[in-house]
Each structure stands twice: as structure tokens, then as C-alpha cells.
Amino acid sequence: MPVAFAENSRAEIRLCGGDGQVSSQLTTGGGKPGQGQPCIAEPFTIMERGRKEGSNLEYRQDGTSNAILTPNGGRGGRGGRGGLGVGAIAAEWAVRRLTPTECERLQGFPDNWTKIAWRKKPDADCPDGPRYRSIGNSMAVNVMRFIGERIKEVDQIATQEVRAA
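My numbering applies: residue 768 is where the sequence shown begins, and numbers increase by one.
Take a look at the structure:
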């Protein structure tokens with residue numbers, strides 16, 4: 768299960784929310800120590816596989832555990848020596864930043880909502896920095912909708928009470 772954490776003002780890593788289950792909010796800070804850039808860690812696996820030019824590490828992207836691969840890439844029980852397809856976990860967790868698209872989805876925006884023309888360049892060339900900044904300066908769509916609906920309901924109740932009196 769991914770774990771959410773952020774860096775505090777003393778450059779220490781702390782779990783978000785005390786248990787790492789909920790990520791902290793995004794900010795417009797540059798990710799420097801003390802600005803609390805939120806991150807999540809996800810498990811990943813790599814494997815060492817024999818090649819003509821020597822052993823290479825491979826990162827699995829198809830979700831298949833390297834522990835069940837044979838030297839030729841098939842599934843089976845063979846293996847057990849370095850360079851012959853034996854699965855190895857280099858590190859239990861890898862840290863990555865949330866992508867702008869993931870941040871947009873968390874805020875309730877459509878995909879690529881913040882990808883706009885920037886510095887006289889087309890929207891396709893918009894870098895991630897301005898996208899993160901605009902997401903950090905925005906308000907979550909679902910939260911604002913909820914607040915707006917509640918204000919409307921209270922206003923309707925108040926209007927009905929005034930008419931009844």
C-alpha cells in the first residue's frame with residue numbers, strides 16, 4: 768500500500784496525518800526543505816537478467832512479479848542464480864511526485880485542465896511547474912460544489928420562512 772509523507776521545516780520526513788494514509792495538501796512552494804512537498808511511496812520490483820553483454824536490471828511495468836519469471840521470460844520454477852531472471856527487490860519503496868494529472872483529478876478537474884498556453888508557447892508545451900502552481904492555488908471542485916449547495920439550501924429555507932411570516 769502506498770504511504771504518504773512530507774518533509775518538515777527541519778528536513779525530517781514525517782508521515783502525513785500521523786499514519787501515512789492521507790496525503791497532505793499541495794502548496795505552491797518549490798519543494799525546498801521545510802515547504803512540505805507531499806510525496807507518496809509505492810512498491811516496485813526490478814530484476815537482474817543475463818544478457819550477452821552482461822547482467823542488466825529491468826524494471827517491471829506490467830505488474831508481473833519478477834520472482835515468478837524464468838531466465839527466458841516464461842513462468843515457472845527455474846532460477847536461483849544472479850543474472851538468470853531471479854527476482855530481486857532493490858528497495859521496498861520508491862518515492863515519486865504526484866503528476867499534474869493526478870493532482871487535477873484529486874481537485875476534481877478534468878484531465879489536462881491546467882495545461883494552458885504559457886509564455887507564448889502552445890498548451891502542449893506547458894511545463895509542470897505552472898500546472899502545480901495553479902492546482903495549489905485552486906479550490907477542490909467537489910468541496911466548493913458542496914459548500915455552494917449548502918448555502919443555496921439555507922438561503923431557500925430562510926426565504927421560505929420570510930414568506931411564511
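Backbone N, C-alpha and C fix where the C-beta goes; we use that ideal spot for every residue, glycine too.
Margin query: Pairs of beta-carbons, one from the region 867–883 and one from the region 898–908, closer than 8 angstroms: are there three or more?
Written below: Flag = yes, the region 867–883 and the region 898–908 touch.
Note to self: Out of 876, 929, 890 and 866, which one is the CA nearest neighbour of residue 905?
What the structure shows: Against the sequence shown, residue 905 aligns to sequence position 138. When only C-alpha atoms are compared, the closest one is 876.
Checklist line | Cβ-Cβ distance between residue 867 and residue 895 below 7 angstroms | finding: Residue mapping note: residue 867 aligns to position 100 of the sequence shown, counting from 1. Residue mapping note: residue 895 aligns to position 128 of the sequence shown, counting from 1. It is a contact, given that the beta carbons lie within the stated cut-off.
Note to self: Tell me the residue span of the alpha helix (DSSP H) that contains residue 930.
What the structure shows: Here the question's residue 930 lines up with position 163 in the sequence shown. 908–931 is the extent of the alpha helix (DSSP H) around residue 930.
Item checked: DSSP-derived helix/strand/coil call for residue 886 -> Counting from 1 along the sequence shown, the entry for residue 886 is found at position 119. Three-state result, residue 886: coil.
Notebook entry, point to check: Can you name the residues that DSSP bridges to residue 864?
Noted result: Position 97 of the sequence shown, counting from 1, holds the residue named residue 864. The partner list for residue 864 (beta bridge, DSSP) is empty, contrary to what the question assumes.
Item checked: Test item: CB-CB of residue 874 and residue 907 under 7 angstroms -> Locating residue 874 in the sequence shown gives position 107, counting from the first residue. Locating residue 907 in the sequence shown gives position 140, counting from the first residue. Result yes, Cβ atoms of residue 874 and residue 907 sit closer than 7 angstroms.
Next item on the list: Could you tell me if the beta carbon of residue 917 falls within a distance shorter than 6 angstroms of some heavy atom in the ligand ATP?
Entry: Ligands in the displayed structure: none, and consequently the ligand ATP is not present.
Item checked: Length of the line joining the Cα atoms of residue 930 and residue 909 -> On the sequence shown, position 163 is the one that residue 930 refers to. On the sequence shown, position 142 is the one that residue 909 refers to. Going from the Cα of residue 930 to the Cα of residue 909 covers about 32 angstroms.
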